[in-house]
Amino acid sequence: MNEVLTGIQRDVVIQYLKTELPALTISGAPQYEDTFRLETGSYIMRETVIIFPKSLVPLWMHTIKSEVTVSFYFNKRGLHFDSVLQTKGDSAAIGIAKEIAKTIDEEVFDINAYHGRLFYNIDKKGTKKPDSFVSCVSNKLFPLFSPFIWQNVSFDDEILFFSLLSRYSFLREADVPLDLAALLHQTGKMLFFPGKRLPSASPFPYGACFLARDLDNRAPFSDALARVRDNLHILADCVYVPISKAPRASVVSIERSYFGQCRIEDYAAKCEFQLVYLVASAYLSQYPDKKAGSVLGRVLPMDILYISDMYLCLGCDLTTISLTERQEYIFEFRAGIRVITAKCIVMAVLVEGSRVSVICRFESLKPEDKRFLYEKHYGAMLQ
């Protein structure tokens, strides 16, 4: 079958549409809730025109004409065509294009991509079943081994992003003085003060936060930091983080109650766990690709959104796999020729619409693998 169907091949597909009336997925502009479905029996065919009630069309498409893509399966093979949706009175119609194309999954090999497998069937001895896994692959929108999480996360729906943080984590959008927001965004650092003053030493293995020595007059931002230092008493929380790619100069904070009577050396691990929620929430706040795949029933790989020597974050469609909080899994990670295999436990499950993201904690990393991931994650800062 050619990638584009015309002539007799197109006629065969049109006859199939007329007789079987399969479910159709209608996709429009991605900045809106861009997809709706016509289930079997919800439309009729007249010649080469699909006709259905206008009530099935989302409000944003209630215009005279809207460009759309129609996707469906024929003999388990994904097909699609571009057309125009038109409405008149109580009816809507889409004409079948002269060309119907095969849906091709975009699988571009990237030598810098990372791969893995999540094994979900583990026996009582903790041994994985070799055929019970879901493939995992890195996502170019979420660069791995970048500890400055807040500088990289991006999202399409800002309101949803902050709503998810509020719903699932101890992170909150913070209302801070303008000079503090400006300082955080200009430097890309977070403000961290576990007591009533800036720390003299950082608990983080990289230059994540301001230190007392940054008040030195030789630092380009020392004057601004001094003004912030003088007003620490008005801030309710003890960690403030800029969201660099937010449309506004947004800042989030971690609720002070989350840390409790935490030792200074434990702040880094507790902070990292909350910061991974930035990645998990950003993934769910991206407009999903709702186009039909090339083969009916194919399980798409999970996205590896974040990995360090302590935590792992994955994202996928709800139909890919059902993951349970506090459940153990085995994760196999491939970085070049190195293969890392370790147990992980699901610490958080975030769900929005048809997608899910999970945050896992590694439980059994070998010392050499833990060191590899640590140096890989913080390497640029340790050199």
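Residues 3 to 385 in this note's numbering are what the sequence shown spells out, letter by letter.
In this text, a Cβ means the ideal position worked out from N, Cα and C, and glycines have one as well.
Between the CA atoms of residue j and residue i - distance to the nearest angstrom
i    : j    : result
Q33  : Q288 : For Q33, the predicted structure reports a pLDDT of 42, less than 50, and the residue's modelled location is therefore unreliable. A value from the coordinates is still provided. When rounded, the distance between both Cα atoms is 10 Å.
L81  : P60  : 23 Å
E41  : E175 : 40 Å
I113 : R48  : Its pLDDT being 42, under 50, I113 is placed unreliably by the model, and the measurement read from it follows with that caveat. Taking the straight line joining both Cα atoms gives about 49 Å.
R39  : I28  : 6 Å
C315 : R340 : 20 Å
M304 : D232 : 46 Å
T71  : H235 : 56 Å
Y116 : L307 : 11 Å
S137 : F172 : 31 Å
L167 : E160 : 11 Å
G262 : D268 : 11 Å
I266 : D158 : 35 Å
A103 : T50  : 16 Å
R373 : C362 : 18 Å
V358 : S202 : 40 Å
G30  : T37  : 6 Å
F111 : E365 : The pLDDT assigned to F111 is 40, lower than 50, so where the model puts this residue is not dependable; a value taken from the coordinates is nonetheless given after this. About 31 Å.
I309 : M349 : 14 Å
C264 : Y313 : 19 Å
L302 : L217 : 50 Å
A99  : S356 : 29 Å
N4   : V14  : Confidence is the limiting factor: at N4 the pLDDT is only 47, short of 50, which leaves the residue's position unreliable, though a coordinate-based value still follows. Each residue's Cα considered, the two are about 14 Å apart.
F335 : A271 : 21 Å
D225 : Q188 : 13 Å
E109 : K142 : Because the pLDDT of E109 is 45, which lies under 50, any placement of that residue in the model is unreliable, and the question is left without a value.
S165 : V6   : 43 Å
Y170 : I46  : 44 Å
L227 : D311 : 32 Å
I332 : S204 : 33 Å
Contact check, residue i vs residue j, beta carbons under 9 Å
i    : j    : result
V178 : I245 : no
S134 : F121 : yes
A344 : L367 : yes
G190 : F150 : yes
A214 : R199 : yes
V351 : E330 : no
G317 : V360 : yes
I52  : L19  : yes
F144 : A284 : yes
G381 : F163 : no
D371 : I342 : yes
D92  : K56  : yes
A184 : A94  : no
V253 : L325 : no
K247 : Q153 : yes
E69  : T8   : no
As assigned by DSSP and simplified to three states, the class of residue i
i    : result
E354 : strand
Y279 : helix
I52  : strand
R12  : helix
I306 : strand
Q88  : strand
Y34  : Low local confidence applies: a pLDDT of 46 at Y34 is under 50, so the model's placement there is unreliable, and no value is given.
R169 : helix
C315 : strand
Y380 : helix
S93  : strand
Y116 : coil
T71  : strand
A251 : coil
R215 : helix
L325 : coil
F374 : helix
Local Cβ density within 10 Å of residue i, reported as buried at 16 or more and exposed below that
i    : result
L386 : Nothing can be reported for residue 386, as the shown portion of the chain is limited to 3 through 385.
R119 : buried
E354 : buried
E377 : exposed
E274 : buried
Q11  : exposed
L375 : buried
T322 : buried
I106 : exposed
Q17  : exposed
P369 : exposed
Q276 : buried
V281 : buried
P249 : exposed
S1   : Within the shown structure, residues of the chain are numbered from 3 to 385, placing residue 1 beyond reach of any answer.
Determine, using beta-carbon pairs with one atom in the region 229-241 and one in the region 190-201, whether at least three such pairs fall under 8 Å. Yes, since at least three Cβ pairs between the region 229-241 and the region 190-201 fall closer than 8 Å, the two stretches touch.
Using 8 Å as the Cβ pair cut-off and three pairs as the minimum, do the region 166-182 and the region 213-225 touch? no
With a threshold of 8 Å, are at least 3 pairs of Cβ atoms found where one atom belongs to the region 256-263 and the other to the region 201-217? no
Counting Cβ pairs, one atom from each stretch, are 3 or more of them under 8 Å apart for the region 73-93 and the region 18-26? yes
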